[in-house]
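Trainee: Plus 198 on top of the position in the sequence shown (first one is 1) and you've got the numbering used here.
Using N, Cα and C, we set each Cβ at its ideal position, and we do this for glycine too.
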Amino acid sequence: MRKYIAFIIILCGFVHNGCLAGETLPSVMRNYMIACKTMNEALANQDKTLMESALEMLDNLEVSAIPDEYIRITPTDDRISPKIYFLPEYADRLLLNDFIIAELDEASLLRESSLSDPEIYVSHHGVKAKGNVTAELRCEGHVTLFLSSDGVQPPVAVLRDRDSGKEYKDFSTSGNSSWIEWDMENPGWIELSISNISDTDVTYVIALN
Numbered sequence: 199m200r201k202y203i204a205f206i207i208i209l210c211g212f213v214h215n216g217c218l219a220g221e222t223l224p225s226v227m228r229n230y231m232i233a234c235k236t237m238n239e240a241l242a243n244q245d246k247t248l249m250e251s252a253l254e255m256l257d258n259l260e261v262s263a264i265p266d267e268y269i270r271i272t273p274t275d276d277r278i279s280p281k282i283y284f285l286p287e288y289a290d291r292l293l294l295n296d297f298i299i300a301e302l303d304e305a306s307l308l309r310e311s312s313l314s315d316p317e318i319y320v321s322h323h324g325v326k327a328k329g330n331v332t333a334e335l336r337c338e339g340h341v342t343l344f345l346s347s348d349g350v351q352p353p354v355a356v357l358r359d360r361d362s363g364k365e366y367k368d369f370s371t372s373g374n375s376s377w378i379e380w381d382m383e384n385p386g387w388i389e390l391s392i393s394n395i396s397d398t399d400v401t402y403v404i405a406l407n
């Protein structure tokens, strides 16, 4: 009984802190942020109870991959395979295999997804220590862009609207997550530069809704 009481207290702490820090985020993206934080904590401690909680939160969200025609990644030696995927399919496999799984990719994890209008679009990328990756994303209207990682620091990112040339650097942060919202005057491409300032390789997820 004490174990479950402690778990409830820990989980409530995640939710409370996540809600306070992410109060500027839309509720769907805020819930995704909390799920990412919970998955990171579960992996760090090999905690199945926490991972089950992360899986439940992710299962309650409609997540799909950013379509190939809406994202372009600039080739670079700094880019490596992701070590983690903030997806329900990945959390499920971790639980089934006691946190030990073969190398996977985003496409295979989301292959069976048939969502026509998901709540969140995601793309996962690994970045070498002190490395940098650049992605181009096609966006329109009011955009919420969220970044999270398996590292301890929030992603350092710069956003540039290719049409207007305007740069955005004032990302909000919470733990190892950061986000920004803005309005696109016209549909177009934005350039996102993400820097890994840590001394270890890191996996980032780019999420849009």
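Assuming contact is defined by CB atoms lying nearer than 7 angstroms, are Ile-388 and Asp-359 in contact in what I supplied?
Mentor: As a working mapping, residue 388 is identified with position 190 in the sequence shown. As a working mapping, residue 359 is identified with position 161 in the sequence shown. In contact: Ile-388 and Asp-359 (Cβ atoms closer than 7 angstroms).
Trainee: When DSSP labels each residue in this structure, what does Asp-359 get in the three-state scheme?
Mentor: The residue labelled residue 359 in the question sits at position 161 within the sequence shown. If DSSP states are grouped into helix, strand and coil, Asp-359 belongs with the strands.
Trainee: Given this structure, state the Cα-to-Cα distance separating Pro-224 from Ala-333, to the nearest angstrom.
Mentor: Taking the sequence shown and counting its residues from 1, the one referred to as residue 224 is at position 26. Taking the sequence shown and counting its residues from 1, the one referred to as residue 333 is at position 135. Roughly 23 angstroms between the two C-alpha positions.
Trainee: For Asp-348, is the classification buried or exposed, using 16 other Cβ atoms within 10 angstroms of its Cβ as the cut-off for buried?
Mentor: In the sequence shown, residue 348 corresponds to position 150, counting from 1. Answer is buried; the Cβ neighbour count reaches 16.
Trainee: How far does the beta strand (DSSP E) with Val-226 in it reach, from first residue to last?
Mentor: For the purposes of this step, residue 226 is taken as the residue at position 28 of the sequence shown. Careful: Val-226 lies outside any beta strand (DSSP E), inside the alpha helix (DSSP H) at 225-243.
Trainee: I'd like to know if the region 358-377 and the region 285-303 are in contact, where contact means that at least 3 CB-CB pairs between them fall below 8 angstroms.
Mentor: Too few Cβ pairs lie closer than 8 angstroms, so no.
Trainee: Give the secondary structure of Tyr-366 by DSSP, where H, G and I count as helix, E and B as strand, and everything else as coil.
Mentor: Locating residue 366 in the sequence shown gives position 168, counting from the first residue. Tyr-366: strand per DSSP, three-state reduction.
Trainee: What is the rounded straight-line gap between the Cα of Val-341 and the Cα of Glu-267?
Mentor: As a first step, residue 341 must be located in the sequence shown, where it is residue number 143. As a first step, residue 267 must be located in the sequence shown, where it is residue number 69. Those two C-alpha atoms are separated by around 17 angstroms.
Trainee: So is Glu-479 buried or exposed if we call it buried at 16+ other beta carbons inside 10 Å?
Mentor: Because the chain is modelled from 199 through 407, residue 479 falls outside the range shown and cannot be assessed.
Trainee: Just the C-alpha distance for Leu-357 and Ile-271, rounded to the nearest angstrom, thanks.
Mentor: On the sequence shown, residue 357 is found 159 positions in, with the first residue counted as 1. On the sequence shown, residue 271 is found 73 positions in, with the first residue counted as 1. Their backbone Cα atoms lie some 14 angstroms apart in a straight line.
Trainee: Under a Cβ-count criterion, where at least 16 other Cβ atoms within 10 Å of its own Cβ denotes burial, should Thr-398 be classed as buried or exposed?
Mentor: To locate residue 398, count along the sequence shown from 1; it is residue 200. Its Cβ having fewer than 16 others within 10 Å, Thr-398 is exposed.
Trainee: Could you work out which residue in Trp-380, Tyr-402, Arg-291, Ser-396 is closest to Met-170 when comparing CA atoms only?
Mentor: Lying outside 199 to 407, the shown extent of the chain, residue 170 is not represented and no answer is given.
Trainee: Going straight from the alpha carbon of Leu-343 to that of Ala-405, what length do you get?
Mentor: As a working note, residue 343 is residue 145 in the sequence shown. As a working note, residue 405 is residue 207 in the sequence shown. If you take the alpha carbons of Leu-343 and Ala-405, they lie about 6 angstroms apart.
Trainee: Less than 7 angstroms separating the beta-carbons of Ser-393 and Val-354?
Mentor: For the purposes of this step, residue 393 is taken as the residue at position 195 of the sequence shown. For the purposes of this step, residue 354 is taken as the residue at position 156 of the sequence shown. Going by C-beta atoms, Ser-393 is nearer than 7 angstroms to Val-354.
Trainee: Terminal residues of the continuous beta strand (DSSP E) containing Tyr-319?
Mentor: One-based indexing of the sequence shown puts residue 319 at position 121. Segment 318-325, the beta strand (DSSP E) holding Tyr-319.
Trainee: For the beta strand (DSSP E) containing Thr-401, name the first residue and the last one.
Mentor: Position 203 of the sequence shown holds residue 401. It spans 400-406 - the beta strand (DSSP E) in which Thr-401 sits, taken as one unbroken run.
Trainee: Starting from Glu-379, trace the beta strand (DSSP E) in both directions and tell me its first and last residue.
Mentor: Counting from 1 along the sequence shown, the entry for residue 379 is found at position 181. Start and end: 375-381.
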